[in-house]
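Residue numbers (full-length UniProt numbering): 1 to 594.
Next up, the structure:
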């Protein structure tokens, strides 16, 4: 299930967000009322009646404020710990003068090491989690309280001390206190303190951080598994993923052989691989063996076809984004289709866990389709995804526009959608818009659709108005290719915007920002259109432009066309002589004029 399906406005397309920022605003505002109610209930619980529901609902009861030792007990403290309320648990613990059982102290230490700097996240705020950055900023807090609890517990019986060491190593590793965690690990090795499975998994991650970017022999890798086996601790999928991560990050020798050996060992233990496992397998094989990495990549994807997965490891969420990126880099359409089919199998979409991940995935997928599919096939997918799921990036739209340059026969019906998208979703540079205008100009003569023609003409008018606004604001400091802006003038003439077309030509003649020249085809097209509109002023502007550039051959051809017009007057003749000079007299037919 992706985020769009949850929008309260899904039944009204006019209320569908059209910009990335709007998606976030709409989604967060959807939950803002619930968050506001929760805040009021938490901060001003005394304003509410004691019994808001019958039967009683615990969530509606305001959290009691304890100020005296007589108001609290160890049972209350354990209840607060079970609700993962860090600050409240510490407050009650201090009210009790730390006079609680070892088991309760152990539970409090676990809470501080696991959540530490943040309160328990309310899981039903799905939109906030969706738009929250996946990057975690861990800050180790409550250091004095943690140190006091640990120093006490490690002096108790062996079982209690071992549990305290296990908790501390996990917490310090999670919050990137690498040196402190490594010291505790060395201390545990000397004292022969046993580790549980969770601690072993954290120790493997710790090993990666301590020996960051150093090449290690495979004996170090299997040392953990040997020690776990010695202590009769059976590894799980998190163990495998942690070791695979370490193997890849530490650039271990014989990476491929080690990965194969690990997979075989864990398969024999009937441990089902997670998507995170396949993420590391693909990363390991494609990073260190470029000879047949693409074939291996495809083989792995084929083995996953029609499978559904459960979330077993945080790294599971990286699979789809990374795999689609890799398929795009390989430019392999089969790989992209296999990945997308897998994403849509069962409830696998749950592995797209944030809006950033979703955006990166679909950006890679559409780029892949753009380079490997026909324009028709590409837009069939594009129109399903945009904007229902994904808002295109500027670079993707530029790539689409550049791809359309070489597909003249097939692009006609897609230009209106593309023009709408670049004006709706992003701020596109004028130079890119002019490319679409050029494509519209090339295809407008081949369409009989009045709707398409109107869209193309309005697009040209919008472009010209944008240029005029830049002139007024004094922001026209970028050069514009003359042949590109000439297309605006031609499109305007197709819609009887003669005045605006002449404004464009006047700008071309007078502006220093216009570089290069009109093509001969553009000149002839403009002349024919102005003649059909009986607009001599436009024809003379083109003659003036050509004279300034020294294109005498084209000027002579135009004069021959003009002199045969029924409405070519002596006044027009004089204007031509002023523009071209008296050498034009040998072309003009005075008798015809008289």
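In this text, a Cβ means the ideal position worked out from N, Cα and C, and glycines have one as well.
Every value quoted in this text rests on a predicted model; they were computed, and no experiment measured them.
- In terms of Cα proximity to residue 490, the closest of 470, 514, 201 and 525 is 525.
- Counting C-beta atoms within 10 angstroms of its own C-beta, residue 438 has 16 or more neighbours from the protein chains shown and is therefore classed as buried.
- For residue 515, the three-state secondary structure derived from DSSP is strand.
- Your pair residue 170 and residue 202 checks out as a contact, with CB atoms roughly 5 Å apart and the cut at 8 Å.
- Note: residue 480 is bridge-paired with 514 in the DSSP secondary-structure output.
- Shown here, residue 273 sits in coil according to DSSP, grouped into three states, outside any helix or strand.
- Runs of alpha helix (DSSP H) with 4 or more residues, each lying fully within the region 220 to 292, are found at 237 to 249, 255 to 268 and 275 to 288, listed in chain order.
- Counting the other Cβ atoms within 10 Å of the Cβ of residue 205 gives 16 or more, which makes it buried.
- Listed in chain order, the non-local C-beta contacts of residue 304 below 7 Å within the same chain comprise 278 and 342, local neighbours out to five positions each way being set aside.
- Around the CB of residue 365, 16 or more other CB atoms lie within 10 Å, so the residue is classed as buried.
- Per the coordinates, the alpha-carbon of residue 82 lies some 11 Å from the alpha-carbon of residue 104.
- In this structure the region 309 to 323 lies against the region 266 to 274, because at least three pairs of beta carbons, one per stretch, are closer than 8 Å.
- In the structure shown, the three-state DSSP call for residue 190 is helix.
- Cβ contact annotation for residue 500 (same chain, cutoff 7 Å, sequence separation greater than five): 461, 464 and 492, in chain order.
- Around the beta carbon of residue 473, fewer than 16 other beta carbons sit within 10 angstroms, so the residue counts as exposed.
- A check of alpha carbon separations from residue 544 across 519, 581 and 569 identifies 581 as the nearest.
- Classified as buried, residue 224 has 16 or more neighbouring CB atoms from the shown chains inside 10 Å of its CB.
- Nearest Cα to residue 551 within the set 517, 565 and 532: 517.
- Taking 8 Å as the cut-off, the Cβ atoms of residue 335 and residue 297 count as close.
- With respect to the C-alpha of residue 424, the residue from 387, 28, 372 and 532 having the closest C-alpha is 387.
- Counted as a single uninterrupted DSSP element, the stretch harbouring residue 331 is not any alpha helix (DSSP H), since DSSP gives it neither H nor E.
- Our two residues, residue 260 and residue 280, have alpha carbons roughly 12 Å apart in a direct line.
- In this structure, 185 is the residue among 459, 94, 185 and 25 with its C-alpha nearest to the C-alpha of residue 200.
- Scanning 483, 99, 486 and 412 for the CA closest to the CA of residue 446 turns up 412.
- Counting the other CB atoms within 10 Å of its CB gives residue 479 a total below 16, which places it among the exposed residues.
- In this structure the region 559 to 574 lies against the region 527 to 534, because at least three pairs of beta carbons, one per stretch, are closer than 8 Å.
- Under the three-state reduction of DSSP, residue 428 is assigned to coil, being neither helix nor strand.
- A straight line joining the alpha-carbon of residue 243 with that of residue 283 spans about 13 Å.
- The C-alpha of residue 98 lies about 47 Å from the C-alpha of residue 358.
- Closest in alpha carbon position to residue 471, among 293, 503 and 116, is 503.
- Just so you know, the alpha carbons of residue 338 and residue 416 end up roughly 31 Å apart.
- If you draw a straight line from the Cα of residue 71 to the Cα of residue 96, it is about 10 Å long.
- Look at residue 178 here: in three-state DSSP terms it is helix.
- Under the 10 Å beta carbon count, residue 241 is surrounded by 16 or more other beta carbons and is classified as buried.
- Taking 8 Å as the cut-off, the Cβ atoms of residue 64 and residue 46 do not count as close.
- Spanning the alpha carbons of residue 407 and residue 292 requires a straight line of approximately 33 Å.
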